[in-house]
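Notes to accompany the following structure.
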Amino acid sequence: MIQFENVKNESIELKSKGSEIEEIATFVTNIAYQTNLLALNASIEAAQAGEKGKGFSVIAAEVGKLANQSETAANKIKDNIFSFLTDVDTMVDNLTNQYDVINQESHSIKQAINQTEHSYTKIENIAEKMLDSVETLQDQSEKIGGLFLTIESLSAIAVENSASTEEVSSNISSYSEEIEKLISGISNFKKLIAEYKTYLSSYDL
């Protein structure tokens, strides 16, 4: 009976972690969008700088392209996480039903245990997929962090050309702290999911 409760509670905990990862994916999407806007602004400033800004304009365009790729990847992860959370909800319902069966009909214990074993295996699979998603998010966030460094270092080329470029530089500085928090947060969630998988492997149903 305790094992049923444990697996059910761990399923609920996994759902909570999935929701947190979904929030991170949303944050990655927003940061990628903001990065793309910065790259666009930088391209405009580079164009106004004329011949001197040509090289910067090309690089800014590439930065925008990579930001779009990160945004697409994060959106895909959000869709996957939503699917995982739906699976977890189904598992919790099944476990609750089987738990009720055990309380009411002793001859159905074996059937309930088999269902729990199936749920346990599925939880492991979902946890593994969620870990893959977190690793992808971490990779995308690190790429975005690199894009910000690129924009920050190259924006100096056009700083003297207009006030709007100074505004872009100011925006970059304010986003830098958010990027650091993002990378740190994703790393922490990755550790949490890894610990969760380790805990699951200790079950002997």
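In the UniProt record's numbering, the protein residues as written are 1 to 205. For each residue, glycine too, the CB sits at the ideal point set by N, CA and C. Note that the structure is a prediction, hence the values are computed from the model and not measured.
Cα-Cα separation, residue i to residue j
| i | j | result |
| --- | --- | --- |
| Asp93 | Ile77 | 24 Å |
| Leu66 | Ile21 | 22 Å |
| Val58 | Ser43 | 8 Å |
| Lys143 | Gly64 | 12 Å |
| Glu71 | Asn30 | 8 Å |
| Thr86 | Ala47 | 48 Å |
| Asn97 | Thr136 | 35 Å |
| residue 206 | Ser16 | The first residue shown for the chain is 1 and the last is 205, placing residue 206 beyond what the model contains. |
| Lys129 | Glu13 | 15 Å |
| Asn125 | Leu40 | 41 Å |
| Ile81 | Asn9 | 19 Å |
Closest residue to residue i among the options (Cα-Cα distance)
| i | options | result |
| --- | --- | --- |
| Asp79 | Ala32, Thr26, Val58 | Thr26 |
| Thr35 | Ala47, Lys122, Gln69 | Gln69 |
| Ala90 | Gly64, Ile123, Asn30 | In the sequence on display, residue 90 carries Thr and not Ala. The option with the nearest alpha carbon to Thr90 is Ile123. |
| Glu62 | Ile81, Lys129, Leu38, Asn30 | Leu38 |
| Ser83 | Glu13, Ile12, Gly18, Asn9 | Gly18 |
| Thr121 | Val88, Ile81, Glu135 | Val88 |
| Gln140 | Ser16, Ile24, Asn9, Ile12 | Ile24 |
| Ser133 | Ile12, Val28, Glu13 | Val28 |
CB-CB length for residue i against residue j, believed under 8 Å
| i | j | result |
| --- | --- | --- |
| Ala74 | Ala127 | Between Ala127 and Ala74 the Cβ distance is about 20 Å, and since that is not below 8 Å, they are no contact. |
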